[in-house]
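Participant: Okay, here's the structure, questions in a sec.
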Amino acid sequence: MRADDLLLFSQVIELGSFSKAAEENSLTNSVVSKRISRLEQAAGATLLYRTTRKLALTEAGRTLLQSANNVKLATQEAQQAVAGMGESLTGHIKMSVPTISGELLLADAVTEFCNRYPGLSVDMSLNNRFVDLVEEGFDLVIRTGHLEDSSLIARHILDSRWVVCASPAYLRQHGHPQRPHALTEHNCLQYAYHTSGARDWEFVGSEGNYVVRINGNYCSDNATALRKAALGGHGIAYLPRCLIYQDLCSGALVELFPEGVAKVLGVYAIYPYTRYLPEKLKRLIEHIRQRYLAMAHYF
256 MRADDLLLFS QVIELGSFSK AAEENSLTNS VVSKRISRLE QAAGATLLYR TTRKLALTEA
316 GRTLLQSANN VKLATQEAQQ AVAGMGESLT GHIKMSVPTI SGELLLADAV TEFCNRYPGL
376 SVDMSLNNRF VDLVEEGFDL VIRTGHLEDS SLIARHILDS RWVVCASPAY LRQHGHPQRP
436 HALTEHNCLQ YAYHTSGARD WEFVGSEGNY VVRINGNYCS DNATALRKAA LGGHGIAYLP
496 RCLIYQDLCS GALVELFPEG VAKVLGVYAI YPYTRYLPEK LKRLIEHIRQ RYLAMAHYF
């Protein structure tokens with residue numbers, strides 16, 4: 256059973272006649288008829304009842320049509336996968352990315368992508384808020400969190416783990432909390448963008464996750480500002496691991512409760528629903544994904 260005959264069979268049914276399928280493929284009616292007959296011989300069953308007015312599928316024909324349509328879909332997907340591979344990319348992309356990832360890797364990754372395709376330009380905004388893609392005209396958004404708008408497409412890239420940390424100087428002066436509930440006795444630096452609330456820190460427990468309500472004298476909507484405050488010995492912070500990876504490696508910050516912190520957020524490439532994603536976006540998303548994966552140990 257030949258794949259090209261299956262594709263022709265699917266097309267005959269879709270168009271409703273041998274003659275239309277013949278015209279679509281620049282074939283004669285007799286060639287189409289012979290190839291459908293060849294398919295029937297390979298299947299060992301009659302696939303079509305042919306009348307002067309219409310075609311009717313037999314039970315075997317209906318069964319085989321499902322497989323034929325799968326072959327057709329696989330062929331279309333293969334064509335889309337390589338479409339434009341030999342072409343240069345042109346045009347403009349407007350995108351929004353989180354400030355931490357933007358500074359850590361995306362600024363370099365996206366400019367590298369632009370240099371690879373000189374006919375392409377990118378306008379990249381570093382912003383932590385969940386922008387309205389359609390209303391604000393964004394082609395692509397990289398976000399850490401949860402996708403709520405079902406009209407958007409989200410491609411998962413990796414997961415970002417959060418950690419509770421403090422400087423050695425702070426721990427020497429104020430003591431090392433042995434369990435999360437002890438944080439209520441410490442000055443905790445609050446991040447205003449916590450979806451659960453700046454004062455509610457989530458931890459893993461034997462019977463499920465639980466929240467500790469902390470207190471502190473400093474709150475900011477900028478994670479980098481909280482990192483600097485923690486480095487200065489001013490309190491304990493709950494931050495993305497990727498932001499403080501180098502600090503943890505150097506010992507400038509110490510991770511508390513390494514197995515107990517519950518916050519893990521997905522990093523996603525988000526774009527408006529489209530039947531066929533433009534090649535420039537498809538390649539940019541893959542380029543960004545590879546750069547994230549190359550630094551997965553940070554996350």
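Residue numbers (the working numbering): 256 to 554. Where is the CB? At the ideal position from N, CA and C, for every residue including glycine.
Could you name the residues of the same chain whose beta carbon sits closer than 7 Å to that of A258, not counting the 5 residues immediately before and after it, in chain order?
Facilitator: Excluding residues within five positions, the ones whose Cβ falls inside 7 Å are V326.
Participant: Starting from V352 and walking both ways along the beta strand (DSSP E), at which residues does that stretch end?
Facilitator: Note, V352: beta strand (DSSP E), 346-352.
Participant: Using the beta-carbon count (16 or more within 10 Å), is S281 buried or exposed?
Facilitator: Classification of S281: exposed, given that the 10 Å Cβ count is below 16.
Participant: Three or more C-beta pairs under 8 Å: does that hold for the region 357-364 against the region 486-495?
Facilitator: Counting Cβ pairs under 8 Å, fewer than three are found: no touch.
Participant: For F458 and M379, what's the separation of their Cα atoms in angstroms?
Facilitator: Whole-angstrom Cα-Cα distance: 34 Å.
Participant: Helix, strand or coil for T313 per DSSP?
Facilitator: Coil, per DSSP.
Participant: Helix, strand or coil for L270? Go by DSSP, reduced to three states.
Facilitator: Helix, per DSSP.
Participant: Considering only residues of the same chain and omitting the five flanking positions on each side of G341, which have a CB-CB separation below 6 Å?
Facilitator: With a pLDDT of 48 at G341, under the threshold of 50, the modelled position of this residue cannot be trusted; read the value that follows with caution. If we look at G341 and ignore the five residues flanking it on each side, it has no Cβ neighbours.
Participant: Which one or two residues does DSSP pair with S376 in a beta bridge?
Facilitator: Partner(s): H347.
Participant: Assess, as a yes-or-no matter, whether the region 506-522 is touched by the region 458-469 under the definition of 3 or more beta carbon pairs within less than 8 Å.
Facilitator: At 8 Å Cβ cutoff, the stretches touch.
Participant: In the DSSP assignment, the beta strand (DSSP E) including I540 goes from what residue to what residue?
Facilitator: Here I540 belongs to no beta strand (DSSP E); instead the alpha helix (DSSP H) covers 534-549.
Participant: Going by DSSP, what residue range makes up the alpha helix (DSSP H) through I291?
Facilitator: Taken as a continuous stretch (DSSP letters only), the alpha helix (DSSP H) holding I291 covers 284-298.
Participant: Is L508 helix, strand or coil when you go by DSSP?
Facilitator: Residue state, collapsed to three classes: coil.
Participant: Our contact map puts R416 next to I525 with C-beta atoms below 8 Å; I'd like the distance itself, whole angstroms only.
Facilitator: 20 Å between Cβ atoms; not a contact.
Participant: Can you tell me the Cβ-Cβ gap for V522 and Y547, rounded? I've got them flagged as a contact below 8 Å.
Facilitator: Going by Cβ atoms, the distance from V522 to Y547 rounds to 7 Å, so yes, they are a contact pair.
Participant: If we count Cβ pairs, one from each stretch, closer than 8 Å, do we get three or more for the region 479-486 versus the region 531-539?
Facilitator: Touching, no, given that fewer than three Cβ pairs across the two stretches are closer than 8 Å.
Participant: How about L444 and G490: are their beta carbons less than 8 Å apart?
Facilitator: Yes, they are a contact pair.
Participant: State the Cα-Cα distance for the pair H431 and Y446, rounded to the nearest angstrom.
Facilitator: Their Cα atoms are separated by approximately 21 Å.
Participant: Just the Cα atoms here: how many angstroms apart are S285 and R371?
Facilitator: Using only the alpha carbons, I get a separation of about 50 Å.
Participant: Looking only at its own chain, which residues have a Cβ that is under 8 Å from the Cβ of C369, when we skip the five neighbours before and after it?
Facilitator: Excluding residues within five positions, the ones whose Cβ falls inside 8 Å are L375, S376, V377.
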